[in-house]
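Enquirer:
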Amino acid sequence: PHAQAQTAPRKILVVASNQDVPNFDPHVATGYSASALLRNLYDPLVRVEGNPPQVKPHLAESFSVSPDGMEYIFKLDGKAKFNDGSPVTADAVKYSFDRLVRLKKGNAWMIAGIVDENSVSVVDAKTVKIKLAKPFVAFPHVLPWLWIINPKLVEDNKGSDDGQTWLKSNIAGSGAFMLKRAEPGNLYELEKVASPWKSGGGNLTGAIWRIIRETSNQRLAVQRGEAHMALDLTSEDMDALKDKPGVVSIIEPEFRTFSIKLNTEHGPLADINLRKAISYAFNYQAMLDSAGYAQLMVGPLPNGIFGHDPKLVVPTTDLDKAKEFLSKSKVPNGGIKLTMVHVSGLEQQRRIALVLLDSLKKLNIELDIKPMVWPDMVASTASPDKMADFFPVYQTANYGDPDNIAFAAYHSSRNGNWQNPVYKNPKVDALILAGRAETDQAKRQTIYLDMQKQIVEDAPDIFGVLEKRKLALRSDVQGFIFTPVASNAVEFFPLSLK
Amino acid sequence: MTNHNGAHPSRWQNWQRSIYRFRQSGLSIAGLAIVLVLMLIAVAGSWIVPFPEHISGGINTAARFKPPSSLYWFGTNELGQDVFSLVMAGARVSLIAGFGVVMIAAIIGGLIGALAGYAGGWIDDVLMRLTDLMLTLPSLILAMAIAAALGAGLDNMVFAISMSWWPGFARLMRGEVIAKKEDLFVQAARALGASDSRILLRHVLPNVMSPIIIKMSLDMGFAILAVAALGFIGIGVKPPTPEWGSLLSLARGYLPDYWWTAIFPGLAIFFAVLGFNLLGDGLRDLFDPKARR
Amino acid sequence: MLQVKGLSKIYPARRGSPAVTALDDVSFTIAANSAFGVVGESGSGKTTLTRCLIGLEKPSSGEMLFEGRDIARLSPAQLREMRARIQIVFQDPYASLNPRMSAQDIIGEPLLIHHDRLQLSAPARTDRVVELLERVGLGVRHLHRYPHEFSGGQRQRIGIARALAVKPDMLILDEPTSALDVSVQAQILNLLAELQDSLKLSYLFISHDLGVVRYICDRALLLLHGKVIEEGPVDQVFDHPRSDYARRLIAAIPDVDPAQSLHLAH
Amino acid sequence: MALLSIENLHLSIQSFDGEAQILNGVDLTLERGEICGLVGETGCGKSLTGLSVSKLVSSPPARYGQGAIHFDGHDILGHSENAMRALRGRRIGMIFQDPTTNLNPLFRIGEQMIDVALHSMGANRWSRSAQREARERSIAMLERVGIHDAHNRLDDYPHQFSGGMRQRVLIAMALIGRPDLLIADEPTTALDVSVQAQILKLLFDIVREDNIAVLLITHNLGVVARLCTHVAVMYAGRIIERGIMADVFNNPSHPYTKALLGAVPTQKTRKGTLQGLGGSVPDPYLPHEGCRFAPRCALAEARCREAVPPEADLGHGHGVACIKAGVSA
Amino acid sequence: MIRFIIRRLVLLVPVFIGLTLLVFTISHILPGDPVKLAAGPQASAEEIASLTREFGMDRPLPQQYWHYASGLLQGDWGQSVLTRRPVAADLKIYLPATLELVFAAIILAIVIGIPAGLLSAITANRWPDYLIRILSLASIAMPRFFLALVLQLVFAMSLAWLPLNGRFPIIDLPPPTVTGMLTLDSLLAGDWLAFTTSCEHLLMPALAMSLSPLATITRMMRASTLDVLQQDFVLTERALGLSQSLIILKYVLRNAFSSTLTVIGLYIGWLLSGSVLVETVFDWPGIGLYATKAIVTQDFMPVMGVTLSIGFIFVLVNLAIDLLYGVINPKVRYQ
Ligand SMILES: Nc1ncnc2c1ncn2[C@@H]1O[C@H](COP(=O)(O)OP(=O)(O)OP(=O)(O)O)[C@@H](O)[C@H]1O
Ligand SMILES: Nc1ncnc2c1ncn2[C@@H]1O[C@H](COP(=O)(O)OP(=O)(O)OP(=O)(O)O)[C@@H](O)[C@H]1O
Ligand SMILES: [Mg+2]
Ligand SMILES: [Mg+2]
């Protein structure tokens, strides 16, 4: 029963997600839900599209890179205008980058140390130059997540905090959609602007981001036609959806790794032989089974990403080898108790913990599993002695470049952060930095191959799985193209409803 | 009507009468039976279940989500663990946790209540205002906050729930102590020159224990519910401890297809709570027939 | 033996209830080996008086001299000693005994409490308890019974035995028979009369039954709203009351005498 | 025909301990204008006898055996609940011991009285005029039992009345239907002597004016002496002596009656001469034969324990159930 | 009466002060650091420190309390560290949703529980009584969250009679917000369709919540009715010939209800506190979910806000019940 009389044909896409969007400030907000809504409310210089992901022009109709890879020049689209009617100018771009760098929040980390307050300069009204402080080959890949805001509106509502309060719930963008209603914790409704500056697109008149916490409820919502798209489905949900009429399942690989970090600096696992013993004792098949639609990782980088080595030799379940390493370790007979933390409520992490527990039994090692809230887990990574022996992490590729994961997860400058709490190896550090700066693709490739080999040698992680992205769509949704980066931050503009 | 008619039944007759009354009530007997079975399972659980290794976290991913069968009576779960074994093992967790909550709450509440009731004056005022305030706090939210802050684990959970549970005991204890304090036999002892400690220990406390014990038995079921509720919210025990609330909470995601993962833990909570409630009711009728019918 | 002078007790006003003057300038004297009766209607202050006398309540003013010493000003140690000298028997035999203690425990308790002075060994205590039981007309066979196993009259006997345990000089009896049937009441009254003779006790006997007071007491005092209305030898108080109130009250007592019948008055 | 006659009434109550024989052949008659005092020790069955007359004893657990109760020609025990309702409040009024608990604390005095009045009038509850009339009657009745300003006090709640006034209200409620029989179960026990005297006088006046019969249940012999025309002494569920009050009190014939009378100290009793009664009331659960008083009776002999003594008539309706009646103690 | 209310309201002031103090103390002695999370995974130590300063969490506790309490007086319930939204604004959204649920549940419980309890008492130890007793015992033992799941499984998933979750169809606009309770708002807007729609959404969660209070009210009502039936005045009423139905429905009912009333007050607090269990299952956007989210992120301003608002409501509801109790019980009223 629908209460409203409908005048114009409304084409409203309903997206079920379990993540709330607490903040709409494009330079502050984080999380995939924020990315999803922001990418429809705001525009970046370039977009990412397709599988494999490709950088496509957006606010910038074109851009060029200097040969050393240090200087980018963007030509803005002449039609581009903010939703208050004012044009998107080079000044706006500079204003936006400066604000992002100044606030050091949200996605600022993607360009930390690479773009600084002096990097962005206005060439003319429609031309912007960005000069990198350090070489960064993947720069175009991070641009889709750096939004351009309307300087006038923000200046008008600047307040004492650079407009953060105002932008938290107001939109100053050029996107194809406007925010119509916001009920935090429940739903957000977007409405298509009357005439988007970008031509083309689908027939949607609006979209609703509806928060449904339970994945099974999301699935049922799609099944019953109450939602058009569900974003957080589990493998069990996908199985249940199989052959359901009117539902399209999308199960695609993406660059999101899930592995267990070991405390290489403190405690029993500082012993490389014990680490290797565990790597070989681990039941990879059970992990794969319990992960459902997934593939085992081969080494530290996601399969299929540039530079990944599919022929890399990594540990597999091999109890003899495990025992051999164990006998070389300081605890040749096991008999110790290790701890593993995980985010309470994250089901895959709990499962992998149980798989580990089950595997460790074979080495006569006990496992104490401690579910924790995320802040506590984050806090525990501050120093090696606070960190648990095992620390599982998901790492999403925000851009389709090996540097993303390599730098965050294995560079020692990130020690003390949850992506890489303790692991450090100067050789690996050097390789990562070299990879960042190398513009020659072939040379870059070999750098990453070396790096992977070195990391496998150190056994800082139990390499886990790449879970496939699992989405469900109503079949009347048209125009959806899967992209393996940030794939649940859906762009609504191209979509249509039958 | 008065019961002071010429004949004065002996203690043993009183017992007989109570047991008769208890036996008269089929529901109390059913409650006792459920509780006894639960205790048996709790004690012998890890020996009598078909897959004891699953209780301590063993998995078998080759047999995920098998429906109930003669091998897996209640089916298997997402890791191929035998749901029957887990549910059986859950009895021990729930019983220990429920008992822990009730004991701690009764001890803390009992001490505070007895002190407030016996001392009276400003001590009473301060303690009771505190108790009243605690009662106005939303108990589940309080327990959740404490449990979440302390981290997962049976002990933390029991502690967290007890912290919101004791005021009920404090109030009961205080009321009973005040009532008994005014009783003539206590005044008689005072008139004899008995010391406060003697009065409290010898005269007051022994005579207020039965309502406390009755409340404890009645609360057992609710404590088990509270434990399961925290587990259901996801603030509960640590894996691999099989706890009914957490089992149910996990299984929610698998409804309706893998219904067995949810239904059996749910029913287990239901029957355990029912058993203790029935037994508690029966005991109350037994010790305190006037209280409620 | 006991002299009460100008005793007043005011319960201060509390939430929802005004201040109550429970006792208002009460004075009387009880001689050794005599029975002194206090009568009055419900709420006239009888119980308050007993509570003051045994130190459970502090009087607002006035003094209570027991052998010359003011009870209200005794040190805790002295109070304990005094408590062995003045004992009390309560109105309700059902409520005044701890249901979880046997007759032996109940009667033996004062012996334990005053152990420092009495110095009785455990067997000696049991002997004394048996002696007391026999004194009040019960016996060894009752030693291990619990209060609920006794009839009302028997319980009241146990209450009396407990009071007698520490060899007091004076018994305060707060309506000791009002919860009992007349037939049982007679037994207790006889027991009390007999004990008084043999143990040379003094009684402060509280009752609202004027007939009983007249029967057992030498002197009596009539209270109304905490004030003394009438005081003197029982014969004088009951047969020649000076106040109107006393006259009316005494006339209102239904005596077991067919001559009193209302039907005859008409 | 007598207004009330109870003939050989037997009543037993079932409980865990077995069946208790509470009433063992109660015989009692009552005429208009008589006030009959029913006395006896606690637990002897006085209240149950009174309740039986209004058929207010719930059965089960109670069970009537032999015997009958006739009220003005009606067979009470055979009556249905509806038929009984027609008698209660209209022909038979009742008052109970404790005035503080016998009024509903949550309702105004007037409301409770008016409902009773409406019932006694047999009027439609919802009729305006009936309501008004019931109110008038209530006021009149309250004035009659000595409550001044009844008109205003109807709107008061029970707790605003003193104990004596509450008992007056209860009496008024019992009398508002102008009953022929009033059963008063210890109506003054909870009251102070002076208030008790007022209530007794009130009852006395009402009996004289309305010529009703009263069954007064009490264990206070003084009250009987003051108010009653007749007396029935009950022991262990049986009337063991009855007759005109003065006859019985002046010439008690049953040893139990004598003992009872001797146990109450009067003006003349000298200290130490009170006659207590040893032993205690028999256990209704235990089977018995013969006179139930025999175990406590100083005069008892072997034949007392063999058969229940029949009632002997000593003239003027003075009956006594003792084979040794008349033998002086 | 007015004076009584005023006096009671004045007495609430220290209760509220105590409540804030207690909640504040508890939330601040618990371990946990929300700022770290709020600052994001990449935050540096200085950023965290500056954020801590910004939220005033570096100041001594008494000062923080003072700041918080004086803010409360001006309607400022603090700010979520995580979302940076004012707690008061959030509560305005979530509280009505939960209140709607709780009130619906308690009304269901009263409307069914009182007659059921009465029926059970007057048919004591006969089959209607046995049936009601067994049902209510079972209902008390039934975990709310399990019942909610079963209801959902049956009525939404299998039979599809009722909506699965939420308060209102996703793509429709709810009636204009007045009270925040959709059923009331749609009635106020005169939108019958919206009313029935929101009732459909409300039905299952309210039912799941109401079962336990319903059963308890039934049991209380039964017990107190039986108690009252034993009272002397009932015997008097019967002895004076009043009909059984008049005695039960008028005299006994009011007495029995007055002792059941306190339970109702307690249950409102219990339901508010436990709303999360049902809200989780039905994705009901209420304070329970809001609080849970805040609890697991140790974001204590929202937790304090929820706790305090529930405490306040609880205290006020009990005040209302006391007043009602006074209306029913004259002895209380005139004191
Ligand atoms: N603790 C108290 N606080 C306030 N008032 C009290 C207290 N104890 C007694 N009173 C009041 O003092 C007065 C005298 O009470 P007391 O108990 O001495 O009367 P009493 O003569 O023993 O009456 P009864 O015959 O009913 O036992 C009464 O009005 C009573 O309400
Ligand atoms: N409902 C009942 N169940 C069992 N026994 C009962 C019940 N009602 C009364 N009795 C027993 O019946 C006997 C007579 O009771 P009844 O109330 O008639 O005595 P009574 O003479 O009025 O005593 P009192 O003077 O104490 O009021 C008592 O032994 C009592 O215990
Ligand atoms: Mg007294
Ligand atoms: Mg009686």
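Protein chains in written order, with the working numbering: chain A, 21 to 518; chain B, 8 to 300; chain C, 2 to 267; chain D, 22 to 350; chain E, 210 to 544.
Yeah, the Cβ is synthetic: ideal placement off N, Cα and C, and Gly gets one too.
Hey, A/P114 and A/G133: beta-carbon distance below 8 Å or not?
Expert: Reading off the sequence, residue 114 of chain A comes out as Lys, not Pro. No, Cβ-Cβ distance for A/K114 and A/G133 is not below 8 Å.
Enquirer: Residues in the same chain with beta-carbon distance under 6 Å from D/A155, minus the five sequence neighbours each way, listed in chain order, please.
Expert: Only I135, A138, L139 meet the Cβ criterion.
Enquirer: Contact criterion: CB-CB distance below 8 Å. Does B/A104 meet it with respect to chain E?
Expert: False, the Cβ-Cβ gap to chain E never drops below 8 Å.
Enquirer: Which of the three DSSP states is assigned to D/R21 in this structure?
Expert: Since the first residue shown for chain D is 22 and the last is 350, residue 21 of chain D is missing from the structure and cannot be characterised.
Enquirer: Take E/V526 and list the residues in its own chain whose beta-carbon comes closer than 8 Å to its own, dropping the five residues that flank it on each side.
Expert: Correct list, in chain order: G474, I477, G478.
Enquirer: So, at 8 Å on beta carbons, what are the nonlocal neighbours of C/F239 in its own chain, with the 5 sequence-adjacent residues on each side left out?
Expert: So the list reads L211, R215, A221, I251, once near-sequence residues are dropped.
Enquirer: For chain D, check one thing: does any of its Cβ atoms lie closer than 8 Å to the Cβ of C/G212?
Expert: Yes, C/G212 lies at the interface with chain D (some Cβ there is under 8 Å from its Cβ).
Enquirer: Just by C-beta distance, which residues in the segment 228-256 of chain A are closer than 8 Å to chain E?
Expert: Residues passing the 8 Å Cβ filter: I228, R230, I231, I232, R233, E234, N237, L240, A241, R244, E246, A247.
Enquirer: In angstroms, rounded to a whole number, what distance separates the CA positions of D/S274 and D/G243?
Expert: About 18 Å.
Enquirer: Could you tell me whether any Cβ in chain C is nearer than 8 Å to the Cβ of D/E207?
Expert: Not closer than 8 Å to any Cβ of chain C, the Cβ of D/E207 fails to qualify, so no.
Enquirer: List the residues of chain E that D/P126 touches, going by C-beta distances under 7 Å, in chain order.
Expert: Within 7 Å Cβ-Cβ: K540.
Enquirer: Taking DSSP's pairing of strands, which residues face A/S16 in a bridge?
Expert: Residue 16 of chain A is absent from the structure shown; chain A starts at 21 and stops at 518.
Enquirer: For the beta strand (DSSP E) holding E/T489, just list the boundary residues, first then last.
Expert: Counting along the chain, E/T489 falls outside any beta strand (DSSP E), though it belongs to the alpha helix (DSSP H) covering 462-491.
Enquirer: Taking only three categories from DSSP, how would you classify E/P422?
Expert: Looking at E/P422 - three-state DSSP - the assignment turns out to be helix.
Enquirer: Just checking B/K188 against ligand 1 - is the residue's beta carbon closer than 7 Å to any of the ligand's heavy atoms?
Expert: Not so, every heavy atom of ligand 1 lies at least 7 Å from the Cβ.
Enquirer: Just to check my reading of the structure: C/V39 and C/I207 have Cβ atoms closer than 8 Å, yes? What is that Cβ distance to the nearest angstrom?
Expert: At roughly 5 Å, the Cβ-Cβ gap stays under 8 Å, so C/V39 and C/I207 are in contact.
Enquirer: Is B/A14 close to chain E, meaning its C-beta is less than 8 Å from at least one C-beta of that chain?
Expert: Per-residue confidence for B/A14 stands at a pLDDT of 40, beneath the threshold of 50, marking its modelled position as unreliable; the derived number appears in the next sentence. Chain E contact via Cβ: absent.
Enquirer: Taking only three categories from DSSP, how would you classify B/A258?
Expert: B/A258 falls in the helix class under three-state DSSP.
Enquirer: Return the residue from the list A/T254, A/Q305, A/P265 that minimises the CA-CA distance to A/E272.
Expert: The candidate whose alpha carbon is nearest that of A/E272 is A/T254.
Enquirer: Near B/A233, what residues of its chain come up, given a Cβ to Cβ distance below 6 Å and the 5 sequence neighbours on each side ignored?
Expert: Closer than 6 Å at Cβ, skipping near neighbours: I168.
Enquirer: Can E/A313 be considered in contact with ligand 2, in the sense that its beta carbon sits closer than 7 Å to one or more heavy atoms?
Expert: Checking the Cβ of E/A313 against ligand 2 gives no.
Enquirer: Would you identify the three-state DSSP class for A/W229, choosing helix, strand or coil?
Expert: Strand, per DSSP.
Enquirer: Under 8 Å, Cβ to Cβ, is there at least one residue of chain E near A/L207?
Expert: Yes, contact with chain E.
Enquirer: B/M8 CB to nearest chain A CB: under 8 Å?
Expert: For B/M8, the predicted structure reports a pLDDT of 33, less than 50, and the residue's modelled location is therefore unreliable. The matter cannot be settled from this model.
Enquirer: Counting pairs of Cβ atoms below 8 Å between the segment 514-528 of chain E and the segment 325-344 of chain E, do you hit three or more?
Expert: With a cut-off of 8 Å, the segment 325-344 of chain E and the segment 514-528 of chain E do not count as touching, because too few Cβ pairs lie within range.
Enquirer: Please identify, using Cβ separations under 9 Å, the residues of the segment 258-274 of chain B that lie next to chain A, in order along the chain.
Expert: Taking 9 Å as the Cβ-Cβ cut-off against chain A, the residues of the segment 258-274 of chain B that qualify are R259, G260, Y261, L262, P263, D264, Y265.
Enquirer: Got a sec: which bits of the segment 71-100 of chain B sit with their beta carbon under 7 Å from any beta carbon on chain A, in order along the chain?
Expert: Cβ contacts with chain A: R71, E85, L86.
Enquirer: Just the C-alpha distance for A/G222 and A/R59, rounded to the nearest angstrom, thanks.
Expert: Each residue's alpha carbon lies about 16 Å from the other.
Enquirer: Going by DSSP, name the residue or residues bridged to A/A314.
Expert: According to DSSP, which records beta bridges pairwise, A/A314 is partnered with A/E487.
Enquirer: Quick check: is any heavy atom of ligand 4 less than 7 Å from the C-beta of D/E207?
Expert: Indeed, a heavy atom of ligand 4 lies less than 7 Å from the Cβ.
Enquirer: Can you give me the C-alpha to C-alpha distance between A/W129 and E/L282, rounded to a whole angstrom?
Expert: Taking the straight line from one Cα to the other gives about 40 Å.
Enquirer: At 3 residues or longer, and completely inside the segment 107-170 of chain D: list those beta strand (DSSP E) runs for me, N to C.
Expert: Complete beta strand (DSSP E) runs here, min 3: 113-116.
Enquirer: Suppose you measure from the CA of D/G86 to the CA of E/S433; what does that come to, to the nearest Å?
Expert: C-alpha separation (whole angstroms): 33 Å.
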